[in-house]
Amino acid sequence: MFFVASAIRNISDRTKIQKQLKQHVRELSRSNAELEQFVYDASDDLQEPLRIVGSFAQLLSQRYERKSDKDTNEFIGYIVDEANRMRILINDLLTFSGTSTSGKEFEPIDINEVVNMYCKICSSPLRKSMLK
């Protein structure tokens, strides 16, 4: 009778763990979608002012290149260069954040293997001693 009760408890524990794992996966997917949207919106919000600053700086450079002194042309050049550098940094941050899955290959995993590993971790003597 002990073995039957133990087996039922193990099955019910596994079922509970699988449900929790599925819930965590759903929450993580939702969180990743929100993060991806935030990064995209922030990037767009940051890049638009840079486009405007860079465009107007280039217009100033073209219109007043011959009419202004060397320092003014140099300063306008700095503005254009730094706007371009900031645009590159924003694009690099988008790439670094890795919120998009394009180019990434996923492979299927055995959920039972994950649950078994989780159960082993939870039932290890070290874990039990840490819980006391």
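Each position in the sequence shown, counted from 1, maps to that position plus 23 in this note's numbering.
Backbone N, C-alpha and C fix where the C-beta goes; we use that ideal spot for every residue, glycine too.
Predicted model only: the values in this text are computed from it and were never measured.
Handout entry: CB of Q70 within 8 Å of CB of I113, strictly
Key = As a position in the sequence shown, residue 70 is number 47, starting the count at 1. As a position in the sequence shown, residue 113 is number 90, starting the count at 1. Cβ atoms of Q70 and I113: closer than 8 Å.
Handout entry: Own chain, CB closer than 6 Å to M109, minus 5 neighbours either side, in chain order
Key = Reading the sequence shown from its first residue, position 86 is the one you call residue 109. The answer, listed in chain order, is L73.
Practice task
Find out if the Cβ-Cβ distance for the pair I99, L83 is shorter than 8 Å.
Solution key: Taking the first residue of the sequence shown as position 1, residue 99 is located at position 76. Taking the first residue of the sequence shown as position 1, residue 83 is located at position 60. Result yes, Cβ atoms of I99 and L83 sit closer than 8 Å.
Practice task
Measure how close the beta-carbons of L51 and V138 come, nearest whole angstrom, since I'm counting them as under 8 Å.
Solution key: Position 28 of the sequence shown, counting from 1, holds the residue named residue 51. Position 115 of the sequence shown, counting from 1, holds the residue named residue 138. Not quite, the Cβ-Cβ distance comes to about 16 Å (not below 8 Å), so this is no contact.
Handout entry: Alpha carbon of P131 to alpha carbon of V48, nearest angstrom
Key = Here residue 131 refers to the residue found at position 108 when the sequence shown is read from its first residue. Here residue 48 refers to the residue found at position 25 when the sequence shown is read from its first residue. Between P131 and V48, the C-alpha separation is close to 14 Å.
Problem - Beta-carbon proximity list for S66, same chain, < 7 Å, skipping 5 on both sides - result: Translated into the one-based positions of the sequence shown, residue 66 becomes position 43. I113, L117.
Practice task
Take F79 as the anchor and find which of V62, N55, N107, Y63 has the nearest alpha-carbon.
Solution key: The count along the sequence shown starts at 1 and reaches residue 79 at position 56. The residue with the shortest Cα to Cα distance from F79 is N107.
Exercise for the section: Would you mind reading off the limits of the alpha helix (DSSP H) that contains D133? Expected result: By 1-based counting over the sequence shown, the position of residue 133 is 110. From DSSP, D133 is part of no alpha helix (DSSP H); its letter is neither H nor E.
Exercise for the section: Return helix, strand or coil for D174, following the three-state DSSP convention. Expected result: Any property of residue 174 remains undetermined from this structure, which presents the chain solely from 24 to 155.
Handout entry: Boundaries (first-last residue) of the alpha helix (DSSP H) holding D92
Key = In the sequence shown, the residue the question calls residue 92 occupies position 69. Note, D92: premise wrong, no alpha helix (DSSP H); not H, not E.
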